[in-house]
């Protein structure tokens, strides 16, 4: 069988199994994302006796496209007008959460008897949550415009910025056993220039450019241009250490100022659904469930610590800024998982030869567990509360 036919076969199997499992979860009124993950495990290379999909790595390309489109559309729906009023809250809660997470991770590493660098990289790996999973679950529930969701998405962006800086500093420490202040400052400068430049200059030029194109060309050309801009900024983000998804999210926030926001969001919707499903199924396919039996004890400890610590830090931090208990609980429970950046951090420690071989698979198993628990935590936190006046504060945005 040729490579092209094999890929098409894998894609067909993946989508058929995913739709079947997702339908079952839909009928059972369970989170669809869990169905996608289980479908991935079923067709993946680590599940005996199926092995239905052979080219999981190639499907990761489709998965990356799904992440970019998903976070781009989240950016289009992000209530940017409220950023000024909640900016200090986002930075304050992020500072509390990241600091406490690193300190607690250090204690966990010491409890497990890990070495200095294992503990150091564990703290950095657990500092960020999963933007993709949180955005997908909130989107499926129709809760993206709630104030708690806005706070979470803002915190997630700050987390990714901090983790990128932490990773660069940790790699520097591991190699030369010292922190380069110049390198750290230069990295911060690049991140500030990218985000600030995109929001300020992009906010001025991009919406006007889209409006101008819409006047002289048909909508098909407008949508192609918009997708080109989306992927261009996704690539630019990767060049300075960000994830492609965060770059797409930021430019989505910018394009949200255009009067064509709703049209763009509607046209991209089907692509986002298809490629987003491929991402989560691919994520499930890449989960090596055989590792659970080997590393279940430290992985379970880390999972519990992550959920409890992020609930406490994000929930307390949000409450500290005078938000009500329901909003604080939603932010705390919603942030209770390990992000995709954890793999990058753990792999970086392994690449420079300072972390033990067990760190990456343990973080992988813990991430796998939290991927399954997160939808239920978010669903639980959004049980109707008629006494909470802020539940639908942004429903008209």
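Numbering (our numbering), first residue to last: 1 to 397. Every residue, glycine too, gets a C-beta built ideally from N, C-alpha and C.
Item, Value
"Same chain, Cβ closer than 6 angstroms to residue 336, neighbours up to 5 away in sequence not counted", "307, 310, 311 and 377"
"Beta carbon of residue 359 nearer than 8 angstroms to that of residue 111", "no"
"7 angstroms CB neighbourhood of residue 38 in its chain, flanking five on each side removed", "21 and 284"
"Stretch pair the stretch 94-104 + the stretch 271-281: three plus CB contacts closer than 8 angstroms", "no"
"Residue 155 and residue 123 closer than 8 angstroms at C-beta", "no"
"Between the CA atoms of residue 331 and residue 148 - distance to the nearest angstrom", "6 angstroms"
"Residue 66 vs residue 278 beta-carbon contact at 8 angstroms", "yes"
"Inter-residue Cα distance where the pair is residue 10 and residue 157", "34 angstroms"
"For residue 5, the three-state DSSP class (helix, strand or coil)", "helix"
"Candidates 351, 55, 135 and 159: closest to residue 100 by CA position", "159"
"Under the three-state DSSP convention, the category residue 160 falls into", "helix"
"For residue 76, the three-state DSSP class (helix, strand or coil)", "helix"
"Alpha carbon of residue 6 to alpha carbon of residue 41, nearest angstrom", "19 angstroms"
"Length of the line joining the Cα atoms of residue 352 and residue 374", "32 angstroms"
"Backbone CA spacing between residue 199 and residue 55 [nearest angstrom]", "38 angstroms"
"Neighbourhood of residue 240 by C-beta, 7 angstroms cutoff - its chain only, sequence neighbours within 5 removed", "190, 191 and 194"
"Residue 14 and residue 276 closer than 8 angstroms at C-beta", "no"
"Length of the line joining the Cα atoms of residue 137 and residue 349", "31 angstroms"
"Cβ-based neighbour list, residue 24, same chain, cut-off 8 angstroms, excluding 5 preceding and 5 following", "35"
"DSSP three-state assignment for residue 54, whether helix, strand or coil", "coil"
"Inter-residue Cα distance where the pair is residue 224 and residue 106", "47 angstroms"
"8 angstroms CB neighbourhood of residue 92 in its chain, flanking five on each side removed", "317, 320 and 321"
"Inter-residue spacing [alpha-carbon to alpha-carbon] between residue 114 and residue 280", "32 angstroms"
"Close beta carbons around residue 45, own chain, < 8 angstroms, minus the five adjacent residues each side", "51, 53, 54, 56 and 285"
"Contacts around residue 222, its chain only, beta-carbon distance under 6 angstroms, and the 5 residues preceding and following it disregarded", "213 and 214"
"Alpha helix (DSSP H) runs contained entirely in the stretch 270-322, provided each spans 4 or more residues", "290-320"
"Straight-line Cα distance separating residue 2 from residue 78", "43 angstroms"
"Reduced DSSP category for residue 114 - H, G, I as helix; E, B as strand; rest coil", "coil"
"Residue burial classification, residue 143 (beta-carbon count within 10 angstroms, cutoff 16)", "buried"
"Own chain partners of residue 62 with C-beta closer than 8 angstroms, once the 5 adjacent residues on each side are dropped", "11, 275, 278, 279 and 282"
"Residues near residue 74 by beta carbon distance below 8 angstroms, same chain, minus five either side", "135, 139, 144, 153, 249 and 252"
"Sub-8 angstroms separation of residue 367 and residue 342 beta-carbons", "yes"
"Assigned exposure category for residue 380 - 16 Cβ within 10 Å defines buried", "exposed"
"Spatially closest choice to residue 85 from 163, 338, 237 and 150, by CA coordinates", "150"
"Cβ-based burial, residue 26 [other Cβ within 10 Å; buried from 16]", "exposed"
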